[in-house]
Amino acid sequence: MSPAAAGEPLWSASSIVPDTARGYHILKIDGYSLTKATPTGECLDSQPFTLGGHRWYIRYYPVWRYPSNTTAMG
Numbered sequence: 001m002s003p004a005a006a007g008e009p010l011w012s013a014s015s016i017v018p019d020t021a022r023g024y025h026i027l028k029i030d031g032y033s034l035t036k037a038t039p040t041g042e043c044l045d046s047q048p049f050t051l052g053g054h055r056w057y058i059r060y061y062p063v064w065r066y067p068s069n070t071t072a073m074g
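Residue 29 in full-length UniProt numbering sits at position 29 of the sequence shown, and the numbers go up by one each step.
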């Protein structure tokens, strides 16, 4: 007789073991002062790059207003 048929609970388990990727990406902003003309809340995206087997991009918000009750790191 199977455990399920005998009224015994079935158990299953799994785990996630992250693999550490090390690397870096240098983002250079040419004409930084010109980015301040970007409308509030709009972003500029970097070109995609690959690191650790994943595709990434950096989303940069040059002009952003946080509500007064919000804290943020820059």
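Think of the CB as a built atom: it goes at the ideal place given N, C-alpha and C, for glycine as much as any other residue.
Beta-carbon spacing of residue i, residue j below 7 Å
i	j	result
ARG59	PRO48	no
residue 75	LEU51	With the chain running from 1 to 74 in the structure shown, residue 75 is simply not present.
THR35	ARG65	no
Member of the options whose CA lies at the smallest distance from the CA of residue i
i	options	result
VAL63	GLU42, PRO9, PRO18, LYS28	GLU42
ILE29	LEU10, SER46, THR38	SER46
TYR57	LEU10, ILE26, SER12	ILE26
THR38	TYR61, VAL17, SER14	TYR61
Cross-strand partners of residue i (DSSP beta bridge)
i	result
TRP56	PHE49
LEU27	Per DSSP, none; premise fails for LEU27.
LEU44	TYR60
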